[in-house]
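Peer 1: For the sequence shown, the residue numbers in the working numbering are 1 to 421.
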Amino acid sequence: MKNSKKIYKVEEKVPLKLLLPLSIQHTFAMFGASVLVPILFGINPGIVLLMNGIGTLLFILITKQKAPAYLGSSFAFLAPGTAIIASEGFQYAQGAFIVVGILGCILAYIIYKFGTSWIDVLLPPAAMGAVVALIGFELAGNTVTGGTIGANLMTDTASKKDFLVFFITLFTAIIGSVAFKGFFSTIPILISIVVGYIAAVFFGMVDFTPVREASLFTLPDFSAPKFSASAILAMLPVILVITSEHISHQVVTSNIIGRDLLKEPGLHRSIFADNFSSALSGLVGGVPTTTYGENIGVMAITGVYSVQVIGGAAVISIIMAFFGPLAAIIQTIPGNVIGGVTFLLYGMIGTSGIRLLVDQKVDYSKSVNLVLTSVIFIAGLSGLSLKFGAIELQGMVLASVVAVVLSAFMTILKKLNLINQ
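#1: Just reading off the beta strand (DSSP E) that F323 is part of, what are its end residues?
#2: According to the neighbour-count rule (16 or more other Cβ atoms, all chains shown, within 10 Å of its Cβ), is E138 buried or exposed?
#3: Apart from the five residues just before and just after A314, which ones in its own chain have a Cβ nearer than 6 Å to its Cβ?
#4: What three-state label does DSSP hand K263 in the structure shown?
#5: Going by the beta-carbon positions, is the gap between I319 and V252 smaller than 8 Å?
#6: Please report the residue range of the alpha helix (DSSP H) in which K160 lies.
#7: Using only alpha-carbon positions, find the residue among A29, S374, A158 and L357 that is nearest to N295.
#8: Thinking C-alpha only, which one of Y305, L219 and N275 is nearest N255?
#9: CA-CA distance, V165 and T342?
#10: Return the CA-CA distance between A279 and I98, expressed in angstroms with no decimal places.
#11: Based on the DSSP secondary-structure assignment, which residues constitute the bridge partners of I116?
#12: Is it the case that the segment 255-273 contacts the segment 349-369, given that we only count it when at least three CB pairs across the two stretches are under 8 Å?
#13: In three-state terms, what does DSSP make of L16?
#14: Enumerated in chain order, which unbroken segments of the beta strand (DSSP E) with a length of 3 residues or greater are wholly contained in the segment 262-306?
#15: Report buried or exposed for V178, applying the criterion of at least 16 other Cβ atoms within 10 angstroms of its Cβ.
#16: Give a yes or no on whether the C-beta atoms belonging to A300 and S352 are separated by under 8 Å.
#17: Just verifying my parser: in three-state terms, what is the DSSP assignment at N44?
#18: So who's on the other strand from G72, going by DSSP bridges?
#19: To the nearest whole angstrom, what separates the beta carbons of A127 and I376, a pair I think is in contact under 8 Å?
#20: Relative to the alpha-carbon of I239, which residue among G266, N336 and A108 has its alpha-carbon at the smallest distance?
#21: Do V14 and S73 come within 8 Å of each other at the CB atom, strictly closer than that value?
#22: Keeping to the same chain, check which residues put their C-beta closer than 8 Å to that of G324; ignore five residues upstream and five downstream.
#23: Check whether the Cβ atoms of T145 and M154 lie closer than 8 Å to each other.
#24: Output the distance between the C-alpha atoms of F202 and F183, rounded to the nearest integer angstrom.
#25: Cutting at 6 Å between CB atoms, please list the residues of its own chain near P265, excluding the five before and the five after it.
#26: Using beta-carbon positions only, say whether G297 and L345 come within less than 8 Å of one another.
#27: Leaving out five residues before and five after V48 in sequence, what residues of the same chain have Cβ atoms less than 6 Å from its Cβ?
#28: Consult DSSP for K414 and reduce its assignment to one of helix, strand or coil.
#29: Which residues bound the alpha helix (DSSP H) around F202?
#30: Would you call the segment 396-409 and the segment 117-136 in contact, with 3 or more CB pairs under 8 Å?
#31: Is the Cβ-Cβ distance between I102 and Y197 less than 8 Å?
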């Protein structure tokens with residue numbers, strides 16, 4: 001049977017009647033996680049929404065409108081950033097954000113000069129696929145345990161209403177992804193959020209106080225950075241994490257849209273745009289940005305890859321930074337609704353990693369590949385945590401570091417002819 005879902009390619013223009021709902025869909029997908037980071041840092045989310053939007057538009061421009069990606073708040077900086085804020089203040093964390101962003105831009109130039117062949121050494125397919133899968137699988141628990149933005153179903157206080165709203169949202173997302181046709185097949189995530197939200201309102205689970213109290217016009221809180229050697233040194237290891245994360249996201253997106261984004265527009269362009277956005281955000285009082293897995297999941301489900309839609313979501317984010325009621329409405333969406341949606345989205349991202357392993361025809365009869373994937377998966381999912389001063393490595397962050405170190409070690413063993421197959 002022919003697939004009735006309309007695919008919108010990266011450079012393809014989307015009809016005006018579809019542009020707004022498709023863009024709003026991406027805004028909903030990123031919002032919960034993106035505003036959580038500034039909340040944890042103790043700053044106003046308005047400046048972050050503004051810089052997310054500006055950063056995304058710059059990313060689209062720098063990558064020649066060939067790489068669909070939404071830039072949201074990065075969680076990789078959370079642990080060192082929190083430690084710096086506690087000891088020196090947020091402005092010194094800003095300075096460290098800027099330095100890491102600039103170093104990322106320098107790395108982009110090195111990649112431009114020397115190419116990407118090193119990726120096969122430090123992140124071969126057996127390692128890359130595992131890291132990519134962990135982007136989704138690591139977040140799986142958050143969808144039902146509360147976590148950062150998910151539902152709170154695994155507590156004694158969870159009610160039947162909590163479960164009902166969660167499953168209504170999830171069921172709508174599943175049905176929409178596989179059965180909706182025509183226009184509705186492009187916005188299943190948005191529809192599931194709306195249906196879940198209506199259910200939550202019906203069950204009396206939505207507090208409209210933030211909407212009533214929101215000012216019509218708000219001005220983001222700008223602040224100037226300060227610099228200290230201790231803050232910068234504490235933040236430096238994050239460069240390895242965000243580089244691994246960026247490459248993984250680009251590989252996932254490449255698989256989804258059927259193009260090699262590492263070659264065109266090129267890893268040097270996308271990694272420069274990502275880090276330039278982080279540096280610029282830190283300069284005015286925001287937090288570092290990164291390409292967002294939630295939005296990659298939306299593209300995977302909907303088949304809409306148009307950068308025009310991503311750009312539309314960026315514009316909405318910028319408007320939200322100044323228009324209080326709009327942001328307030330989204331903030332009233334219960335965690336059970338977000339949890340129901342991300343239950344599917346995170347699974348789709350995880351499956352993209354498995355797809356990468358299949359597409360690259362990774363041979364698990366070879367012990368090197370078997371060991372790489374196995375150790376990386378367990379490093380990311382076991383709950384193991386390693387601390388180096390203010391830096392804490394766990395989950396996908398730890399798995400990314402393990403992937404690079406272990407892959408390099410295996411390469412050395414191969415060079416010395418010490419591999420047994």
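Built from N, CA and C at the ideal position, the CB exists for glycine as well.
Predicted, not measured: the structure shown is a model, and the values here were computed from it.
Peer 2: Reading off the structure:
#1: Run containing F323: none; DSSP gives neither H nor E here.
#2: buried
#3: Excluding sequence neighbours, A314 sits near G53, T56 and L57.
#4: Helix at K263.
#5: Result no, Cβ atoms of I319 and V252 do not sit closer than 8 Å.
#6: K160 to A179
#7: A29
#8: Y305
#9: 14 Å
#10: 4 Å
#11: Note that residue 116 is Thr in the sequence shown here, rather than Ile. Per DSSP, T116 has no beta bridge partner at all.
#12: yes
#13: helix
#14: 289-291
#15: exposed
#16: yes
#17: coil
#18: T290
#19: So it is a contact: roughly 6 Å between Cβ atoms.
#20: A108
#21: no
#22: A214, S215, L216, F217 and T218
#23: yes
#24: 27 Å
#25: Only T63, K64, K66 and A67 meet the Cβ criterion.
#26: Yes, these two residues count as a Cβ contact at 8 Å.
#27: Answer for V48: P38, S73, G286 and V287, listed in chain order.
#28: helix
#29: P188 to F202
#30: yes
#31: Not in contact: I102 and Y197 (Cβ atoms no closer than 8 Å).
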